[in-house]
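Trainee: Right, I'll just put the structure down here and ask away after.
2 protein chains.
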Amino acid sequence: MGYVKWNYEILDRFCQDVFETFGFSSEDSETIKDVLLTADLFGIESHGMQRMVRYHKGIEKGTIHPDAKPEVVFETPVSAVIDGHSAMGQLTSVYAMKKAIEKAKTTGVGIVTVRESNHFGIAGYYAKMASDQGLLGMAFTNSEAIMVPTFGRKAMIGSNPIAIAMDAEPYPFLFDASTTVVTRGKLEMYNKMNKPLPQGWALDKDGHASCDAPDVLANIVSKKGGGIMPLGGNCEVSGSHKGYGYGMICEIFSSILSMGVTSNSCCTFADKTGICHGFIAVNPAVFGDAEAIKAHFSQYLKQLRESPKADGQERIYTHGEKEIFAEKERRENGIPVNDNTMVELANLCAYLKLNFHSYFQDYELPKDSKFFGGNY
Amino acid sequence: MGYVKWNYEILDRFCQDVFETFGFSSEDSETIKDVLLTADLFGIESHGMQRMVRYHKGIEKGTIHPDAKPEVVFETPVSAVIDGHSAMGQLTSVYAMKKAIEKAKTTGVGIVTVRESNHFGIAGYYAKMASDQGLLGMAFTNSEAIMVPTFGRKAMIGSNPIAIAMDAEPYPFLFDASTTVVTRGKLEMYNKMNKPLPQGWALDKDGHASCDAPDVLANIVSKKGGGIMPLGGNCEVSGSHKGYGYGMICEIFSSILSMGVTSNSCCTFADKTGICHGFIAVNPAVFGDAEAIKAHFSQYLKQLRESPKADGQERIYTHGEKEIFAEKERRENGIPVNDNTMVELANLCAYLKLNFHSYFQDYELPKDSKFFGGNY
Chain H
37 MGYVKWNYEI
47 LDRFCQDVFE
57 TFGFSSEDSE
67 TIKDVLLTAD
77 LFGIESHGMQ
87 RMVRYHKGIE
97 KGTIHPDAKP
107 EVVFETPVSA
117 VIDGHSAMGQ
127 LTSVYAMKKA
137 IEKAKTTGVG
147 IVTVRESNHF
157 GIAGYYAKMA
167 SDQGLLGMAF
177 TNSEAIMVPT
187 FGRKAMIGSN
197 PIAIAMDAEP
207 YPFLFDASTT
217 VVTRGKLEMY
227 NKMNKPLPQG
237 WALDKDGHAS
247 CDAPDVLANI
257 VSKKGGGIMP
267 LGGNCEVSGS
277 HKGYGYGMIC
287 EIFSSILSMG
297 VTSNSCCTFA
307 DKTGICHGFI
317 AVNPAVFGDA
327 EAIKAHFSQY
337 LKQLRESPKA
347 DGQERIYTHG
357 EKEIFAEKER
367 RENGIPVNDN
377 TMVELANLCA
387 YLKLNFHSYF
397 QDYELPKDSK
407 FFGGNY
Chain U
37 MGYVKWNYEI
47 LDRFCQDVFE
57 TFGFSSEDSE
67 TIKDVLLTAD
77 LFGIESHGMQ
87 RMVRYHKGIE
97 KGTIHPDAKP
107 EVVFETPVSA
117 VIDGHSAMGQ
127 LTSVYAMKKA
137 IEKAKTTGVG
147 IVTVRESNHF
157 GIAGYYAKMA
167 SDQGLLGMAF
177 TNSEAIMVPT
187 FGRKAMIGSN
197 PIAIAMDAEP
207 YPFLFDASTT
217 VVTRGKLEMY
227 NKMNKPLPQG
237 WALDKDGHAS
247 CDAPDVLANI
257 VSKKGGGIMP
267 LGGNCEVSGS
277 HKGYGYGMIC
287 EIFSSILSMG
297 VTSNSCCTFA
307 DKTGICHGFI
317 AVNPAVFGDA
327 EAIKAHFSQY
337 LKQLRESPKA
347 DGQERIYTHG
357 EKEIFAEKER
367 RENGIPVNDN
377 TMVELANLCA
387 YLKLNFHSYF
397 QDYELPKDSK
407 FFGGNY
């Protein structure tokens, strides 16, 4: 699988045009695009351009409603519940996090839960919205069940990421991770490479540990059973019940406190995914001098980075550092997009009657590609 | 190592007398005792009677100040920061969680951070205080560094448990776990049994994975390096950076937002441990109908428990179930206390001039025990 690098500006213009052509306003297209391209800039390929096809399908199938607007259905000075009405997840989520931030600036804390939304991209984007304004930010989302609870053999919990961001010097802290040991994208990567899965990732349909990527993925797709282990594996000795517990924390702050659809029922409807989110913003100033707290945190992060390295290791990262370095490098040298994704973008252009080559000049689709034809 | 079972009432009377003899008021002794014995009732032996020796030593060495009172040093309607003044961790923590609950009942949310405290027992106790009143509760504490960050070889983060509790039918959800793969107590257990540690638990002084319990424990005690891996092990492929991230979440809500001592400096002072905590209470009513939310959550928990089991497994637990069954069984049949702990209690009686046999009738100390002598 080859990669081709594109300048940020090219992908930016392409995404803007795609979403406007789908019928989103210029401002909304800007928002969706920013969430997607931030993932690519951060080096989280799975959640960037690679996902265009998913949004394309969602709009085509009718699970994403481009005209829908999120609606506040319950509100207090510290909280809100939003019904996403199956609007684009990024739009509902930016709206919800803005509301949490507004509340945090007024009362000190804002917790906003969302039901009936759609896939929202990277959780870290929303946590960072808060930290960019000097607040502590957290974001949660449930998703189609993929995590098998400890001692189970059926996926009942989503990959359920939890993200947290807080400002610090010389750069913010940003942790964003699924509560499964890995996400489905990683399994797909191993499958494409014809490599056995690492131990401790996946379960077959009977709930046994399995390294057989094609079998595990086939069972997931056909809902025969099995799935991905919680962080901590599939036995208590390695902490399986802990990853399962973090998955539950995510479920509480998304589907439970919004009265929405739990992961085990997400994406089982014809006309909606039902995906739920949660957003928290906390103003550090309600704990004293916000600048002093930031300095205190920065000092601890520095101590972590400077602490002694394991034999053979050169550095200890604090969370969010890799993303910052990836962004710098990609803004300078371009964002790598793989050939499969380029084919998906060509199909998208054909569908929307956009001129693929006006964005991606001189790019030729691989000969064996699954391009469905038509003008693009 | 043998075990002997004691009725709850015997341990209750013993603990009450011990803490009153240490100089705590009757009410405060009651509080401390309830936290400790709840751990034993829940089957969390490491945090019950077994810890009496630690509190004994803390008071003797002067890191726990029996006369100190926690003080609110900053407060808003949704938050507070408490200086524990090195009072008994349980007393400061119950005080802090009560404050968080009070705020949650008034404004919807209460976040209380605590600095300069001491070991507080099980985090779940405080989370449960909130859920017992129909609120969502969370508790965090940092502790003496034992977790080695990914790619490091020096412990920089505590075992940093995160607990969350929420009411449900037929019983509440209660998740309470360290963010390390296991706690130090587990290493000590394997050491006592002369068994090699399971793979994926510990690191030697150079940061290599190690199954050598005596070596790892000796390095921890002498601060030569090494320690316990984060949940997810010591490499990114198994999610090490995630456990490390959850450890950081705990640190943020304890030491960072309280301007307290971070784990890497906890317990390095002569006159204090510096341990910090965090407590969150959220009123589900700020998200709509609290009863409906509880029913919705209960339904999901039921679906999890009833979902298909892995080959060879008989049941799937939701968090907190094991504790409920343990409590029922132990209230009926007694709480098992091991002989080593009994010896510690005998030493404690000798120190406090309490009559050991007035509580533990007919119990004989093992012949090779480390009883230091004196009247007891």
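Protein chains in written order, with our numbering: chain H, 37 to 412; chain U, 37 to 412.
Think of the CB as a built atom: it goes at the ideal place given N, C-alpha and C, for glycine as much as any other residue.
The structure displayed is predicted, hence computed values, not measured ones.
(1) If you compare alpha carbons, which of Val184(U), Asp347(U), Asp119(U), Phe323(U) is closest to glycine 243(U)?
(2) Give me the residue from Ala386(U), Asn154(U), Ala249(U) with the minimum Cα distance to serine 291(U).
(3) The ligand SAH and cysteine 51(H): does any heavy atom of the ligand fall closer than 7 Å to the residue's C-beta?
(4) What does isoleucine 147(H) reach in chain U if we use C-beta pairs closer than 9 Å?
(5) Just the Cα atoms here: how many angstroms apart are glutamate 365(H) and valine 40(H)?
(6) Anything in chain U within Cβ reach of serine 82(H), meaning under 9 Å, just list it in chain order.
(7) Cβ atoms of asparagine 196(H) and glycine 283(H): under 8 Å apart, would you say?
(8) Please classify serine 167(U): is it buried, with 16 or more other beta-carbons within 10 angstroms of its beta-carbon, or exposed?
(9) I'd like the ranges of any beta strand (DSSP E) spanning at least 3 consecutive residues and lying wholly in the segment 102-184 of chain U.
(10) Bridge partners for tyrosine 39(U) per DSSP, in chain order?
(11) Consider the Cβ of tyrosine 399(H): report whether some Cβ of chain U lies at a distance smaller than 8 Å.
(12) Under the three-state reduction of DSSP, which class applies to aspartate 53(U): helix, strand or coil?
(13) Is DSSP giving valine 322(H) helix, strand or coil here?
(14) Within 10 angstroms of its Cβ, does threonine 304(H) collect 16 or more other Cβ (buried), or is it exposed?
(15) Nearest to leucine 127(U) by alpha carbon, out of Asp119(U), Ile68(U), Val148(U)?
(16) The alpha helix (DSSP H) with aspartate 64(U) in it runs from where to where?
(17) So, does the CB of glycine 189(H) fall closer than 8 Å to a CB anywhere in chain U?
(18) Classify glycine 348(U): buried if its beta carbon has 16 or more other beta carbons within 10 angstroms, exposed otherwise.
(19) Can you give the Cα-Cα distance for glutamate 45(H) and isoleucine 311(U), rounded to whole angstroms?
(20) Using CA coordinates, which residue listed in Ala75(H), Met192(H), Glu400(H) is at the minimum distance from methionine 85(H)?
(21) With a 10 Å radius around its C-beta and 16 neighbouring C-beta atoms as the bar for buried, classify threonine 142(H) as buried or exposed.
(22) Using a Cβ-Cβ cut-off of less than 8 Å, give me the residues of the segment 292-313 of chain U that come near chain H, in sequence order.
(23) Please report the residue range of the alpha helix (DSSP H) in which phenylalanine 187(U) lies.
(24) Could you round the C-beta distance between methionine 378(U) and tyrosine 399(U) to whole angstroms and report it? I think they count as a contact, below 8 Å.
(25) What did DSSP end up calling leucine 47(U) once you bin it into helix, strand or coil?
(26) Rounding to the nearest angstrom, what Cα-Cα distance links alanine 249(H) and methionine 88(U) in this structure?
(27) Which residues in the same chain as isoleucine 360(H) place their Cβ atom closer than 6 Å to its Cβ, once the five residues preceding and following it in sequence are excluded?
(28) Step through the CB atoms of chain U and report whether any lies within less than 8 Å of the CB of glutamine 349(H).
(29) What does alanine 213(H) touch in chain U if you count any residue whose Cβ is under 8 Å from its own?
(30) Below 8 Å between beta carbons: does that hold for glycine 262(U) and valine 252(U)?
(31) Does leucine 223(H) have its Cβ less than 8 Å from a Cβ in chain U?
(32) Starting from aspartate 212(H) and walking both ways along the beta strand (DSSP E), at which residues does that stretch end?
(33) I'd like the span of the beta strand (DSSP E) that includes isoleucine 200(U), first residue to last.
(34) Can you list the residues of chain H that leucine 267(U) reaches, using a CB-CB cut of under 8 Å?
(35) Cβ of methionine 192(H) less than 8 Å from any chain U Cβ?
(36) Using CA atoms only, rank isn't needed, just tell me which of Arg189(U), Ser299(U), Asn374(U), Lys134(U) is closest to alanine 163(U).
Mentor: Once the coordinates are examined:
(1) That would be Val184(U), whose Cα lies nearest to the Cα of glycine 243(U).
(2) Closest by C-alpha distance to serine 291(U), out of Ala386(U), Asn154(U), Ala249(U), is Asn154(U).
(3) As for the ligand SAH, it is missing from this structure, which has no ligand bound.
(4) Gly144, Val145, Val318, Val322, Phe323, listed in chain order.
(5) Using only the alpha carbons, I get a separation of about 15 Å.
(6) Residues of chain U passing the Cβ test: none, with the nearest at roughly 15 Å.
(7) Against a cut-off of 8 Å, the Cβ pair of asparagine 196(H) and glycine 283(H) comes out as a contact.
(8) By the Cβ neighbour-count rule, serine 167(U) is buried, with 16 or more other Cβ atoms within 10 Å of its own.
(9) As far as the segment 102-184 of chain U is concerned, its whole beta strand (DSSP E) runs of at least 3 residues are 107-112, 115-119, 145-153, 172-177.
(10) DSSP, once it has assigned bridges, lists Asn374(U) as partnering tyrosine 39(U).
(11) With a threshold of 8 Å between beta carbons, tyrosine 399(H) makes no contact with chain U.
(12) Looking at aspartate 53(U) - three-state DSSP - the assignment turns out to be helix.
(13) Three-state DSSP puts valine 322(H) in a helix.
(14) Threonine 304(H) should be labelled exposed.
(15) Among Asp119(U), Ile68(U), Val148(U), the Cα nearest to that of leucine 127(U) is on Ile68(U).
(16) DSSP places aspartate 64(U) in the uninterrupted alpha helix (DSSP H) bounded by 62-77.
(17) Reading off the sequence, residue 189(H) comes out as arginine, not glycine. Answer yes: the Cβ-Cβ gap between arginine 189(H) and chain U drops below 8 Å somewhere.
(18) By the neighbour-count rule (16 or more Cβ atoms within 10 Å), glycine 348(U) is not buried but exposed.
(19) Distance between glutamate 45(H) and isoleucine 311(U), taken at the CA atoms: about 49 Å.
(20) It is Ala75(H).
(21) Answer is exposed; the Cβ neighbour count stays below 16.
(22) Cβ contacts with chain H come from Ile292, Leu293, Ser294, Met295, Thr298, Asn300.
(23) Where phenylalanine 187(U) is concerned, there is no enclosing alpha helix (DSSP H), given that its DSSP letter is neither H nor E.
(24) With 8 Å as the limit, methionine 378(U) and tyrosine 399(U) qualify as a contact, their Cβ atoms being about 7 Å apart.
(25) Correct three-state label for leucine 47(U): helix.
(26) Each residue's Cα considered, the two are about 50 Å apart.
(27) Within the same chain, isoleucine 360(H) has close Cβ partners Tyr207.
(28) True, the Cβ-Cβ gap to chain U drops below 8 Å.
(29) For alanine 213(H), the C-beta contacts it makes with chain U under 8 Å involve Gly275, His277, Lys278, Gly281, in order along the chain.
(30) Contact check for glycine 262(U) against valine 252(U) passes: the beta carbons are separated by less than 8 Å.
(31) So no, leucine 223(H) is outside the interface.
(32) 209-213 is the extent of the beta strand (DSSP E) around aspartate 212(H).
(33) Element bounds for isoleucine 200(U): 198-202.
(34) Going along chain H in sequence order, the residues near leucine 267(U) (Cβ under 8 Å) are Leu267, Gly268, Gly275, Lys278, Gly279.
(35) Yes, because at least one Cβ of chain U sits closer than 8 Å to the Cβ of methionine 192(H).
(36) By alpha-carbon distance to alanine 163(U), the top candidate from Arg189(U), Ser299(U), Asn374(U), Lys134(U) is Lys134(U).
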